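Undergrad:
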Amino acid sequence: MIALAACSGKAPYLLAGEWDWMDGHSEFPKVCGSHGTVQYHADGSYTLWGEAGTWRLDGDALTETMTDFHPLHVDRPAENVGKAHVSTIKWVDQNMFLKRRADGSELAFRRCPKQK
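Going by my numbering, the sequence shown runs without a break in its numbering and finishes at 137.
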């Protein structure tokens, strides 16, 4: 199980699960269960709209490495395959986190409810 402690004295928050990037375009929770969400699997793999890869969380550092992609469904170039991208995670609560990328941009994610 991969977990991140939010701070000492609190229960760890789990990154594994389905997350909606709050980009202003997707309709939450309708987007949940679609290819438009990122799914961090407990085995250390992830999937997101035409790409697949691996992830590792070490403290607040999230390392994601794209291992495969479908060129018609990914807006990242093929040169990204195999390159590790490190971001910093800041938990808002167990159902929301902020991800700061190396270029300084910040993305907000919220946990999708369990699908029936």
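For every residue, glycine included, the Cβ atom is placed at its ideal position computed from N, Cα and C. Model, not experiment: these values are computed from the prediction.
1) Does the stretch 48-66 come close enough to the stretch 100-110 to have 3 or more Cβ pairs within less than 8 angstroms?
2) For VAL52, which residues from the same chain have a beta carbon less than 7 angstroms from its beta carbon, with the 5 sequence-adjacent residues on both sides left out?
3) Assign GLU39 to one of three DSSP states: helix, strand, or coil.
4) Starting from LYS60, follow the beta strand (DSSP E) in both directions and report where the run begins and ends.
5) Pick helix, strand or coil for ALA129, following the three-state DSSP scheme.
6) Using only the alpha-carbon positions, how far apart do ALA123 and ALA129 sit?
7) DSSP three-state label for GLU85, please.
8) Relative to the C-alpha of ALA105, which residue among LEU119, VAL113, GLU85, ASN116 is closest?
9) Applying the criterion that 16 or more other CB atoms from any shown protein chain within 10 Å of the CB defines a buried residue, is LEU69 buried or exposed?
TA: The structure says:
1) no
2) ASP41, THR58
3) strand
4) Note that residue 60 is Gln in the sequence shown, not Lys. First-last of the beta strand (DSSP E) with GLN60: 59-61.
5) strand
6) 15 angstroms
7) strand
8) GLU85
9) buried
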